[in-house]
Amino acid sequence: MYAVADTATTQHEAVHAYCHQMFGSSGPVWYSEGMAEMGRYWANDGDRSVQADRGPIRYLRSIKPPPLKTLTRTGETSDGWQQYAQRWALCHLLANNPNYGQRFRTLGFSLLGQRPGASYLAFFGTMNREIEFEYKVFLKNLENGYRVDLCHWDWKSRFRRHREGRTVKVKIEAGRGWQASRIAVQADRTYKVTATGQWQTEADAEPVDADGDGQGVGRLQAVIWSDYQLTRAVELGTKATFKPDRDGKLFFRCGDAWGRLHDNTGRITASVKLEPR
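What the sequence shown shows, in the numbering used here, is residues 20 to 296, in sequence order.
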């Protein structure tokens, strides 16, 4: 099967044609159309970044995502570009996320081969809350250049409370999304953060410390994860104190546009100290 045109619709339909020729099926609607939309936006081999039209991106950033049980239900449906966009976003997330990529590929072959019992919930039911959380974060921050593989959530790190007066050091990479501090913070307790080191937010940019540049790009940021919800991000810089309003897990990142993390380099070391009451 050959497709010489590189227009979006042609690339979309070429994915359907390839799947039917190779497997005899393109899978259920959510998978079939989601993967075809990935073909629509395919640009370069090995490029894992988001490269989508501005209209769908604006739409996806504005919506409250539907439950994934609803989005991935089987059966033929007649719907519009909005549903296509939601399915594309889910397939892009699952295909490029190290947390789920291998299992998603296995699911894909099972769906294309029409294996009995194969479904999103059969493969990902135990991970559904984690995926729904990452899907919401993905849509909220979606822009061209966004790299799911750089911004995937760290579900494996263990978090612990630490004693008063003890300083815990955390290394934060400039070219990643939210990164686990391994510190479990407590509500209404005061934490002191001191950051050292430098990083760059562009290949040819001047190195900056955790205060960032004059526009705040490169400033150290923090957020707290609690029960699959994130607080509003706060800017810390090189020196700051903060008092969480809830218990949770502390994450850091380099403040930069979500679609421009790929060329960031360097790391900052944040020293976090729990102050006495």
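A virtual CB, placed ideally from N, CA and C, is assigned to each residue, including glycine.
9 Å or more divides the Cβ of residue 295 from the Cβ of residue 205.
In this structure, residue 241 sits near residue 269, with a CB-CB distance shorter than 9 Å.
Sixteen is the threshold: since fewer than 16 other Cβ atoms of the shown chains lie within 10 Å of the Cβ of residue 174, the residue is exposed.
Note on residue 107: 16 or more other CB atoms within 10 angstroms of its CB, so buried under the neighbour-count rule. In this structure, 201 is the residue among 276, 54, 201 and 289 with its C-alpha nearest to the C-alpha of residue 177. Of the residues assessed, residue 182 falls on the exposed side of the cut-off, its CB having fewer than 16 other CB atoms within 10 angstroms. The region 251-260 makes contact with the region 208-216: 3 or more CB pairs, one atom from each, lie closer than 8 Å. For residue 113, the uninterrupted alpha helix (DSSP H) segment begins and ends at 100-115. Per DSSP, residue 162 has no beta bridge partner at all. Our two residues, residue 51 and residue 245, have alpha carbons roughly 34 Å apart in a direct line.
The C-beta distance from residue 78 to residue 55 rounds to 18 Å, too long to fall under 8 Å, and the pair is not in contact.
Apart from sequence neighbours up to five positions away, the residues of its chain that approach residue 238 with a beta-carbon distance below 7 Å are 229, 230, 231, 254, 256 and 274, ordered along the chain. Nearest neighbour of residue 114 by Cα position, chosen from 219, 99 and 68, turns out to be 68.
In the three-state scheme derived from DSSP, where H, G and I count as helix and E and B as strand, residue 183 is classed as coil.
Rounded to the nearest angstrom, the gap between the Cα atoms of residue 110 and residue 57 is 8 Å. Contact between residue 218 and residue 283 holds, since their C-beta atoms are separated by about 7 Å, short of 8 Å.
Residue 290 is positioned such that its CB atom lies closer than 9 Å to that of residue 186.
Counting other Cβ atoms within 10 Å of its Cβ, residue 166 reaches 16 or more and is therefore classed as buried. When the five nearest sequence neighbours on each side are left out, the beta carbons in the same chain lying within less than 7 Å of the beta carbon of residue 53 are those of 106, 107, 109 and 110, in order along the chain. For residue 167, the three-state secondary structure derived from DSSP is helix.
Taking the Cβ atoms as the reference, residue 191 lies roughly 7 Å from residue 272, within the contact range of under 8 Å. In the DSSP annotation of this structure, the continuous segment of the alpha helix (DSSP H) that includes residue 76 starts and ends at 73-81.
Residue range 120-131 is occupied by the alpha helix (DSSP H) that includes residue 121.
Taking 9 Å as the cut-off, the beta carbon of residue 147 is found no closer than this to the beta carbon of residue 83.
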